[in-house]
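Beneath this line is the structure, given in structure tokens, with notes to follow.
Numbering (the numbering used here), first residue to last: 97 to 333.
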């Protein structure tokens, strides 16, 4: 996988070859130049020149098949689009019954905290669960690094119609970045808003990075920006 392929001029530069060495914190990426020289590279500092990284493709299994969830997400039209932003003006003064919830944009303030440059573009998943404990959606986002690393990545995607009776007074947003893994981990917890308690449950792989949880309520300001620290976003109603 070449990093910074756009800047690669094969006539005057031979890129280093690096190996992604794991998911532990504070690891160093080892790279080799054309003469066999060994170089240590910081996983949090993206190189300014092309580097070829040898490692596991996070979007395929051990046999090289793309994970069904990613294929299904793209086929269903729920992968990223980075469409032109249609505006942040909300059509409502408050969240009325049966209003539409739309994800306007997402932003990772420091992408290397969840995905080092040696692993390429992030694979971001969002799960939305109602206060009744019902999963409303699972959406996939596949922006390029330069599009979301401390930048607003425009999504402008319809999510769900908020029926107060069936969904309740709040929903929970669960974000995670998908990495390959050998086993599944069940994430399960309870959260309470006012007098309502919701049970949240979903699975991730053992190398996946949780990006945070956030509830959105009927009482929220329509212009509110949500932020878990690892990802921030805006909704539109």
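Here a beta-carbon is modelled for each residue, glycine too, at the ideal position from N, C-alpha and C.
Beta-carbon within less than 6 Å of residue 314's beta-carbon, same chain only, minus the 5 sequence neighbours each way: which residues are those?
As a first step, residue 314 is located in the chain shown; it is residue number 218 there, counting from the start. So the list reads 191 and 265, once near-sequence residues are dropped.
Alpha carbon to alpha carbon, how far is residue 279 from residue 107?
Walking along the chain shown from the start, residue 279 turns up at place 183. Walking along the chain shown from the start, residue 107 turns up at place 11. If I take the Cα positions, the gap works out to 44 Å.
If we call anything under 8 Å between Cβ atoms a contact, is residue 254 one with residue 208?
The residue you call residue 254 lines up with position 158 of the chain shown. The residue you call residue 208 lines up with position 112 of the chain shown. Not closer than 8 Å, so no.
Grab me the residues of residue 308's own chain with a C-beta within less than 7 Å of its C-beta, minus the 5 sequence neighbours each way, in chain order.
Indexing the chain shown from 1 puts residue 308 at position 212. Counting only Cβ-Cβ distances below 7 Å, and skipping sequence neighbours, we find 271, 324, 325, 326 and 327.
Return helix, strand or coil for residue 195, following the three-state DSSP convention.
Stepping through the chain shown from its first residue, residue 195 is reached at position 99. Strand at residue 195.
So for residue 262, helix, strand or coil by DSSP?
On the chain shown, position 166 is the one that residue 262 refers to. DSSP places residue 262 in helix when its eight states are reduced to three.
Which runs of the alpha helix (DSSP H) at least 4 residues long sit entirely within the region 251-305? Give them in chain order.
260-263
Supposed contact pair residue 277 and residue 297 - C-beta distance, whole angstroms, cut 8 Å
Start at 1 with the first residue of the chain shown, and residue 297 comes out as number 201. Start at 1 with the first residue of the chain shown, and residue 277 comes out as number 181. Actually they are not in contact, since the Cβ atoms of residue 297 and residue 277 sit about 18 Å apart, beyond 8 Å.
Which residue's Cα is closest to the Cα of residue 218: 234, 144, 330 and 241?
Here the question's residue 218 lines up with position 122 in the chain shown. The option with the nearest alpha carbon to residue 218 is 241.
Which residues does DSSP pair with residue 334 in a beta bridge?
Lying before the first or after the last residue shown, residue 334 is absent from the chain, which here runs from 97 to 333.
Could you give the DSSP three-state label for residue 142: helix, strand or coil?
Numbered from its first residue, the chain shown carries residue 142 at position 46. Coil, per DSSP.
Answer yes if the region 219-239 comes into contact with the region 255-262, meaning at least three C-beta pairs across the two stretches below 8 Å, and no otherwise.
yes
For residue 165, the first and last residue of its enclosing alpha helix (DSSP H):
In the chain shown, residue 165 corresponds to position 69, counting from 1. Start and end: 164-171.
Mapping DSSP to helix, strand and coil, what is residue 155?
As a first step, residue 155 is located in the chain shown; it is residue number 59 there, counting from the start. In this structure, residue 155 counts as coil in the three-state DSSP scheme.
Rounded to whole angstroms, how far is the Cβ of residue 213 from the Cβ of residue 139, which I believe are closer than 8 Å?
Within the chain shown, the letter at position 117 stands for residue 213. Within the chain shown, the letter at position 43 stands for residue 139. Taking a contact as a CB-CB distance under 8 Å, the pair residue 213 and residue 139 counts as one, their CB atoms being some 7 Å apart.
Three-state class that DSSP yields for residue 214 in the structure shown:
Taking the chain shown and counting its residues from 1, one reaches residue 214 at position 118. Note: residue 214 maps to helix in three-state DSSP.
Residue 303 versus 130, 252 and 275, residue with shortest Cα-Cα distance:
One-based indexing of the chain shown puts residue 303 at position 207. Residue 303 has its Cα closest to that of 275, out of 130, 252 and 275.
Limits of the alpha helix (DSSP H) - the one that residue 101 falls within:
Along the chain shown, read from residue 1 onward, the residue named residue 101 stands at position 5. Taken as a continuous stretch (DSSP letters only), residue 101 belongs to no alpha helix (DSSP H), as it is neither H nor E.
Is it buried or exposed for residue 135, if we count other Cβ within 10 angstroms and need 16 for buried?
Position 39 of the chain shown, counted from the first residue, corresponds to residue 135. With fewer than 16 other Cβ atoms within 10 Å, it is exposed.
Just the Cα atoms here: how many angstroms apart are residue 94 and residue 101?
Outside the modelled stretch of the chain, which goes from 97 to 333, sits residue 94, for which no answer is possible.
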